[in-house]
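Here the structure comes first, spelled out in structure tokens, and everything after it is commentary.
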Amino acid sequence: MIQIKELQKSYRMGSNELHVLKGINLDIKEGEFVSIMGSSGSGKSTLLNIIGMLDEADKGSYVLDDVPIKNLSEKKAAIYRNKFLGFIFQSFNLINYKNAAENVALPLYYQGISRKIRKEKSLYYLEKVGLEDRAHHLPSELSGGQKQRVAIARALASEPKVLLADEPTGALDTKTSYEVMDFLQGINDEGKTILVVTHEPDIANMTKRIVMLKDGVIEKDTFVEQVRASEHV
Amino acid sequence: MKFIFTRDTWQEIFGAIRKNKLRTAITIIGVFWGILLFVALQGAAKGMENGFDDRFKNLATNSMFLWSEQTGIPYGGYKRNRKVRLELNDTYRIASQIEGVQFVAPRNAKGVFGDAVPLVINKLKSGNYRVFGDYPIIDKVSKKKLRKGRFLNQKDIQDQRKICVIGERIEKELFEEGENPVGQYIKISNIYFQVVGVYKRNNTDFFERDNSIFIPFTTYQKVFNTGNRIGWMVIAGYPKEDIIAVEEKVKNLLKRRYTVHPNDERAFGAFNFGEMFGKITGFVKGLKFTALIVGIATILAGVIAIGNILLITVKERTKEIGVRRALGAKPGEIRGQIILESVFLTLTAGLLGMTVGGLLLSYLNDLAKSWDFPFLNPTVSLPYIGFAIAIMVILGTLIGLIPAQRAVSIKPIDALREE
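Encoded structure:
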């Protein structure tokens, strides 16, 4: 699903050049549940941004679902993001003046899908995350866990190939974190490829593969025995 | 372009606008005010134009009054302050010798220049009214609308008939209600005159309103013993004639005839309607032009204010725009939405301003009816409205481009980066 070869990225900070990624090789197959770990500054978010086409690599190649991702125009990148990827953010990033159903329907809107189908789909995915009764609530009327579940529903709504989650439990307490992970595990069980960036080992252990980043290179890449989140809820 | 007409686009825009009603309201005040000013000033200028047109419509505007006073410079053996008296013959001279003069009408009047206003009696009722001795041609200068009977005619002049035409106020004051004054006799300065007509009130201030009496010039000569002397004369030029030049020529002729110094400005006075009309026309034109400039400048300022606020809005919505981009919004869609927001706000404000401006004008129109002020049917023509709308759409689009470009230049990654 994702093939990354010799990926490099550096940022210019004033006169200093900050080499964030120093040659990453990563191969992720369909249906995998991968967590990217590392301390702050290890380059894990940069890697996720490049995979998410929010940022572009300086060197190396990146192929997503057999499509080489290189020199994309803004428009092309937007279309690919919409088609291939679902995003889950640490701070949820729901649009605060749209209710849950409208938020979930937003990626579908940008796909040019008709209102009726958008509505059906958004309700379907809200139901999937157990929030069909909150469809007409604004984000401000939802708890943190509920917000993240709406965000998950939104990420799923466009039926992406890969789900990218940047610290999805970073703003949540342990109990809600495990609930969210339970959802992600359920989605993964259905065959969806998921990439999670986290620095919490317990969260990482709930995935199937842990990629440890340190100073811009992969330090360790291990398949682990998945801990089911449902056991902790 | 298709996206302008889809319900979803508008839902997105309304969502963004509804999100902050106060800001939206403040944003549109500028344009609202600009259009209001534009409509109100244009309408007011038009109202004044119409008002003046109405006042002048019964008046030959290419005409003047001319009278004589005392000389200001000693000349030809005469001292200064010599009284100059115009005579009936002067009117014939002017009419025949000055090019461009259409006709000259001598006039005499009692009760106009500070002399006693004649007493007019009908049975037990009486009043003091001004009396004019006129030729029928005066009707060409200041059109009389007759309610009853007729105006003076040439036969009255020839036969020196003792007849008169009275104003409608005199009819009201001297006659019983429902009584027809035509054919009846009234006593003017102790002489009986038969009433032959009643004229309507004339809005033109320089003339006789509704409380004057017209009698034949020749009758006036005899009754008030004025001989060949005349009070003043009305000189009308041909429609395209430069009446100011005519005034100059007439004065020069009279100066030669009465041995008045060529540079004497005091001996003959004139009130030139053509000159005044030209000034008023120029004034109204200037007013309309000023209104146009002020209106456009204010609209421009308002639109810039909208652009300014949208720019702030975009800054505030950086994160939202980033999320939208991450979810697959194309740059064009973001740009389009912001420009459409700008145009929509501009147009809403503008149409609101036009509506309120229209209401204001209609209120002013009602108000002006009770004033003695030339103001009638203040309207703004459709081309002007179309022009204003076009300006708003164009400026709204142009100004929207700035925040739209800013929004598009936001990289989703920058927008989403945690603070």
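Residue numbers (our numbering), protein chains in the order written: chain G, 1 to 233; chain B, 1 to 419. Glycine included, C-beta positions come from ideal geometry on N, C-alpha and C. These numbers were taken from a predicted model, which means no experiment stands behind them.
Beta-ladder partner(s) of residue i, from DSSP
i	result
B:Arg107	B:Trp232
G:Glu17	G:Arg12
B:Trp67	B:Gly269
G:Ser61	G:Lys5
B:Tyr78	B:Tyr75
G:Asp166	G:Val197
B:Tyr185	B:Gln194
B:Gly127	B:Val120
B:Lys240	DSSP output for B:Lys240 lists no bridge partner at all.
B:Gly167	B:Tyr199
G:Asp27	G:Gln3
B:Gly149	B:Gly197
Option in the options with minimal Cα separation from residue i
i	options	result
G:Glu30	G:Lys5, G:Asp66, G:Tyr109 and G:Ile50	G:Asp66
G:Leu164	G:Thr193, G:Leu172 and G:Arg228	G:Thr193
G:Lys220	G:Gly38, G:Lys9, G:Val20 and G:Leu21	G:Gly38
G:Ala191	G:Phe223, G:Leu156 and G:Glu179	Note that residue 191 of chain G corresponds to Gly in the displayed sequence, not to Ala. Closest option to G:Gly191, Cα to Cα, is G:Leu156.
G:Val196	G:Tyr11, G:Glu32 and G:Asn25	G:Glu32
B:Thr281	B:Phe344, B:Leu36, B:Arg23 and B:Gly47	B:Gly47
B:Leu152	B:Lys172, B:Asn180 and B:Val196	B:Val196
B:Asn308	B:Ile163, B:Asp159, B:Leu398 and B:Pro136	B:Leu398
G:Arg149	G:His136, G:Pro160, G:Val162 and G:Leu131	G:Leu131
G:Ser177	G:Met53, G:Glu120 and G:Glu231	G:Glu231
G:Thr198	G:Gly145, G:Pro168, G:Phe183 and G:Lys76	G:Pro168
G:Phe183	G:Leu213, G:Ile210, G:Asp166 and G:Arg228	G:Arg228
B:Thr379	B:Trp33, B:Asn50, B:Lys145 and B:Phe14	B:Asn50
B:Ile163	B:Lys143, B:Gly278, B:Arg169 and B:Arg150	B:Arg150
B:Val120	B:Gln194, B:Ile35 and B:Ser63	B:Gln194
B:Phe113	B:Ile26, B:Val131 and B:Asn122	B:Val131
Assigned exposure category for residue i - 16 Cβ within 10 Å defines buried
i	result
G:Met13	exposed
B:Arg18	exposed
G:Ile51	buried
G:Asn103	buried
G:Ser40	exposed
B:Asn81	exposed
B:Ser68	buried
G:Gln90	buried
B:Leu303	Rather than Leu, the amino acid found at residue 303 of chain B in this sequence is Val. Under this definition B:Val303 is a buried residue.
B:Pro216	buried
B:Glu419	In this prediction, B:Glu419 has a pLDDT of 46, which is less than 50 and means its spatial position is unreliable; what the coordinates show is noted afterwards. The residue is exposed, with fewer than 16 neighbouring Cβ atoms inside 10 Å.
B:Asn128	exposed
B:Gly400	buried
B:Pro374	buried
B:Pro403	buried
G:Tyr11	exposed
B:Pro383	exposed
First and last residue of the uninterrupted beta strand (DSSP E) at residue i
i	result
G:Lys214	Arg209 to Lys214
B:Thr91	Element bounds for B:Thr91: not the beta strand (DSSP E) but the alpha helix (DSSP H), Leu88 to Gln97.
B:Arg130	Arg130 to Asp134
G:Ser158	Element bounds for G:Ser158: n/a, residue is neither H nor E.
G:Arg81	Premise fails: G:Arg81 lies in the alpha helix (DSSP H), Glu74 to Phe84, not in any beta strand (DSSP E).
B:Ile215	Ser212 to Pro216
B:Ile137	From DSSP, B:Ile137 is part of no beta strand (DSSP E); its letter is neither H nor E.
Opening and closing residue of the alpha helix (DSSP H) in which residue i lies
i	result
B:Ala44	Lys21 to Phe56
B:Val380	Where B:Val380 is concerned, there is no enclosing alpha helix (DSSP H), given that its DSSP letter is neither H nor E.
B:Tyr192	Counting along the chain, B:Tyr192 falls outside any alpha helix (DSSP H), though it belongs to the beta strand (DSSP E) covering Ile191 to Tyr199.
G:Thr193	Unbroken run through G:Thr193 is the beta strand (DSSP E), Thr193 to Val197; no alpha helix (DSSP H).
B:Asp159	Gln154 to Asp159
G:Met37	That residue, G:Met37, is in no alpha helix (DSSP H); its beta strand (DSSP E) goes Phe33 to Gly38.
B:Asp414	Pro412 to Leu416
B:Glu320	Thr318 to Ala326
B:Gly350	Pro331 to Lys369
G:Asp221	Looking at the DSSP string, G:Asp221 is not in any alpha helix (DSSP H); the run it does join, the beta strand (DSSP E), is Val217 to Phe223.
G:Glu127	Arg115 to Lys128
contact_flag[the stretch 129-145 of chain G, the stretch 82-99 of chain G] where n(CB pairs < 8 Å) is 3 or more | yes
Is the stretch 244-258 of chain B close to the stretch 174-194 of chain B, with three or more CB pairs under 8 Å?
-> no
Would you say the stretch 34-50 of chain G touches the stretch 18-28 of chain B, given that touching needs at least three Cβ pairs under 8 Å?
-> no
Is the stretch 121-131 of chain G close to the stretch 16-24 of chain G, with three or more CB pairs under 8 Å?
-> no
At least 3 beta-carbon pairs within less than 8 Å: the stretch 110-122 of chain G vs the stretch 347-366 of chain B | no
Examine the Cβ distances between the stretch 327-338 of chain B and the stretch 379-396 of chain B and report whether three or more of them are shorter than 8 Å.
-> no
For the 8 Å Cβ check, are there 3 or more pairs between the stretch 217-236 of chain B and the stretch 90-97 of chain B?
-> yes
Would you say the stretch 335-348 of chain B touches the stretch 72-83 of chain G, given that touching needs at least three Cβ pairs under 8 Å?
-> Verdict: no, contact absent.
Any 3 or more C-beta pairs closer than 8 Å across the stretch 312-324 of chain B and the stretch 368-378 of chain B | no
For the stretch 105-114 of chain B against the stretch 171-179 of chain B, are there 3 or more C-beta pairs whose distance is under 8 Å?
-> no
Decide yes or no for the touch test of the stretch 58-67 of chain B against the stretch 269-278 of chain B: beta carbon pairs closer than 8 Å, at least 3 of them.
-> The stretch 58-67 of chain B, when compared against the stretch 269-278 of chain B, does touch it at the 8 Å Cβ threshold.
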